[in-house]
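Let me begin by presenting the structure, written as structure tokens, before commenting on it.
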Amino acid sequence: MSTSDSEPSSGVITLDGLDLAALIASRVCHDVISPVGAIVNGLEILEDEKDEGMRGFAFDLIKKSAAQASARLQFCRIAFGAAGSAAAVLDLGDAEQVARGFIEDQKTKLVWEAKRQLLLKNKVKLLLNLVLVATTTIPRGGVITVTSEGDGDDHTSFRISATGPTARVPVNVVDLLAGRAPEDRVDAHVIQPFYAGLVARAADMAVTIEAEGDGDTIVTRAVPVSA
Numbered sequence: 001m002s003t004s005d006s007e008p009s010s011g012v013i014t015l016d017g018l019d020l021a022a023l024i025a026s027r028v029c030h031d032v033i034s035p036v037g038a039i040v041n042g043l044e045i046l047e048d049e050k051d052e053g054m055r056g057f058a059f060d061l062i063k064k065s066a067a068q069a070s071a072r073l074q075f076c077r078i079a080f081g082a083a084g085s086a087a088a089v090l091d092l093g094d095a096e097q098v099a100r101g102f103i104e105d106q107k108t109k110l111v112w113e114a115k116r117q118l119l120l121k122n123k124v125k126l127l128l129n130l131v132l133v134a135t136t137t138i139p140r141g142g143v144i145t146v147t148s149e150g151d152g153d154d155h156t157s158f159r160i161s162a163t164g165p166t167a168r169v170p171v172n173v174v175d176l177l178a179g180r181a182p183e184d185r186v187d188a189h190v191i192q193p194f195y196a197g198l199v200a201r202a203a204d205m206a207v208t209i210e211a212e213g214d215g216d217t218i219v220t221r222a223v224p225v226s227a
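So the sequence shown is numbered by the numbering used here: it starts at 1 and just counts up by one.
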């Protein structure tokens, strides 16, 4: 299963800039609305509750949810945005930091073994988006391992393995990475892997995703098209 064609085929869907921006904004809002809602709930408890135990619970909820919202926004800032920098390159060390804050929880562990280096923005954005895709392949959690080979933009490749119970390649994700979508339409539910495919083509990277071993590991690879 592969999205390794360097030239979009006639079946590839093209979104105009406004539609793409709207769908990405919807995805970012989806990622942060839950912790922000929890903060609001915690504040309402503080306003109405006199019991010290419940007030302590509310403070803990607000603190945890604020940290989660911040981590998700920092991840989205790099994965989907311009990262607030005029520079054309990003540090893989920064990518590790935001990925760890976004991905790691009680269900999922992130093992980051990619070499720290500066790479073009789109290559780093692609890596983060592929890590996000990897989370969908292990819906019950597990271990995501990120490695890299080579140095520099023209020679660096990525490998993301996701191991866990009921690991599987989600329906339509291969087509979405290739720029194709069910019923030839893209909505907020599928925009992220579709966007990852757009970034891959912009970065001149070929992406494959497939099950390995006994099927409990899903491996995603991104290599330079010229490699």
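We put the beta carbon where it would ideally sit given N, CA and C, even for glycine.
{"Item": "Any 3 or more C-beta pairs closer than 8 Å across the segment 138–145 and the segment 192–201", "Value": "no"}
{"Item": "Endpoints, alpha helix (DSSP H) assigned at K64", "Value": "52–79"}
{"Item": "Host alpha helix (DSSP H) of G142 (start-end)", "Value": "Per DSSP, G142 belongs to no alpha helix (DSSP H); it is in the beta strand (DSSP E), 142–149."}
{"Item": "Outcome for M54 when other beta-carbon atoms lying within 10 angstroms are tallied against a minimum of 16", "Value": "exposed"}
{"Item": "Per DSSP, the bridge partner or partners of D19", "Value": "BP columns for D19 are empty, so no partner."}
{"Item": "Proximity to V173 [Cα-Cα], best of E49, T136, P224, C76", "Value": "T136"}
{"Item": "Secondary structure of S6, DSSP reduced to three states", "Value": "Interpretation of S6 is limited by its pLDDT of 38, a score under 50 that renders its predicted location unreliable; the figure taken from the coordinates is listed afterwards. Of the three classes helix, strand and coil, the one that applies to S6 here is coil, per DSSP."}
{"Item": "Same chain, Cβ closer than 7 Å to M1, five either side skipped, listed in chain order", "Value": "Bear in mind that the predicted position of M1 carries a pLDDT of just 45, short of 50, making it unreliable; the figure below should be weighed with that in mind. The residues are V169, V174, T208, I209, E210."}
{"Item": "P224, DSSP secondary structure in three states", "Value": "strand"}
{"Item": "Cβ-Cβ separation, E49 to A58 (assumed contact under 8 Å), whole Å", "Value": "7 Å"}
{"Item": "Bridge-paired residues (DSSP) for I160", "Value": "V146, T220"}
{"Item": "Cβ-based neighbour list, L23, same chain, cut-off 6 Å, excluding 5 preceding and 5 following", "Value": "A188, I191"}
{"Item": "Cut-off 6 Å between Cβ atoms - residues of its own chain near S226, not counting five sequence neighbours on either side", "Value": "none"}
{"Item": "Run of the alpha helix (DSSP H) containing D94, from where it starts to where it stops", "Value": "92–103"}
{"Item": "Opening and closing residue of the alpha helix (DSSP H) in which T264 lies", "Value": "There is no way to answer for residue 264, as the model of the chain reaches only from 1 to 227."}
{"Item": "Cβ neighbours of K107 in the same chain (closer than 6 Å, five flanking residues each side left out)", "Value": "G141"}
{"Item": "Beta-carbon proximity of G42 to I62, cut-off 7 Å", "Value": "yes"}
{"Item": "Three-state secondary structure assigned by DSSP to V28", "Value": "helix"}
{"Item": "Assigned exposure category for S9 - 16 Cβ within 10 Å defines buried", "Value": "For S9, the pLDDT reaches just 42, beneath the cut-off of 50, and the residue's location in the model is therefore unreliable, although a value from the coordinates is still provided. So S9 ends up on the exposed side."}
{"Item": "Buried versus exposed call for L18 [16 or more other C-beta atoms within 10 Å across all chains shown]", "Value": "exposed"}
{"Item": "The segment 64–84 in contact with the segment 92–110 per 3-pair CB rule at 8 Å", "Value": "yes"}
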